[in-house]
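A.B. asks: Residue numbers (the working numbering): 4 to 199. Here you go, one structure.
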């Protein structure tokens, strides 16, 4: 009779009150004769109720917050005219956990930044109220390339060599705002300001 996509479109229009009289009658007949259609309608109703509930509000707010940060980073990079400057593309502290996902025992934060020549993923693990372990990985670079990662705040400086998979780690980093830089040899290929 109808493809699954056509059934979904018909049921969506029926549920949301946008179906014509003929479409509404076709939807009623479909629901009476097709158990899969009845199940699809239940899923549509559940999704609609979740979308309009608190979870949907949290997702919309998270999307607005992430979008604002991404736009601010793009503007800052354009104004600085520096392609090495990173743009935030993900921050787990902004996005709510999906339903059914149990929160971690330790409140970790994961962020991802995109650069012209690389991408950096970071995980920040609290080890005390004022200190963190920072674990990261640089993607988009040749695995044969040696990378150095530097974390700076004023006179405080942490430095480490990334391994062959471009993984790196900083232990016991005091909370604060740092400049994280990635170097290949003496050339800085990427940097970002990050709050630890």
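Cβ coordinates follow ideal geometry from the N, Cα and C atoms, glycine included.
Tell me whether residue 98 sits in a helix, a strand or coil according to DSSP, three-state version.
C.D. replies: It is coil, neither helix nor strand.
A.B. asks: Would you kindly work out how many angstroms separate the C-alpha atoms of residue 186 and residue 113, rounded to a whole number?
C.D. replies: Near 22 Å, if we compare the C-alpha coordinates of residue 113 and residue 186.
A.B. asks: If you draw a straight line from the C-alpha of residue 64 to the C-alpha of residue 70, how long is it?
C.D. replies: Roughly 10 Å separates the two Cα atoms.
A.B. asks: Looking at the structure shown, is residue 158 part of a helix, part of a strand, or coil, going by DSSP?
C.D. replies: Three-state DSSP puts residue 158 in coil, outside helix and strand.
A.B. asks: DSSP has residue 198 in a bridge; who is on the other side?
C.D. replies: DSSP output for residue 198 lists 180 as bridge partner(s).
A.B. asks: Helix, strand or coil: which one does DSSP assign to residue 77?
C.D. replies: Three-state result, residue 77: helix.
A.B. asks: Any idea what DSSP makes of residue 4, helix, strand or coil?
C.D. replies: Confidence is the limiting factor: at residue 4 the pLDDT is only 48, short of 50, which leaves the residue's position unreliable, though a coordinate-based value still follows. Of the three classes helix, strand and coil, the one that applies to residue 4 here is coil, per DSSP.
A.B. asks: Mark residue 46 as exposed unless 16 or more other C-beta atoms lie within 10 angstroms of its C-beta, in which case mark it buried.
C.D. replies: Exposed, since its Cβ has fewer than 16 Cβ neighbours within 10 Å.
A.B. asks: According to DSSP, residue 2 sits in a beta bridge with which residue or residues?
C.D. replies: No information on residue 2 is available, as it lies outside the stretch 4 to 199 that the chain covers here.
A.B. asks: Give a yes or no on contact between the segment 159-166 and the segment 120-131, applying the rule of three or more CB pairs nearer than 8 Å.
C.D. replies: The answer is no - the segment 120-131 does not touch the segment 159-166, with fewer than three Cβ pairs under 8 Å.
A.B. asks: What number of angstroms, rounded off, separates the C-alpha of residue 83 from the C-alpha of residue 153?
C.D. replies: Approximately 21 Å, taken between the alpha carbons.
A.B. asks: Quick check on the burial criterion: 16 or more other C-beta atoms within 10 angstroms. Buried or exposed for residue 179?
C.D. replies: Exposed is the call here.
A.B. asks: What does residue 152 pair with, by DSSP beta-bridge criteria?
C.D. replies: 163, 185.
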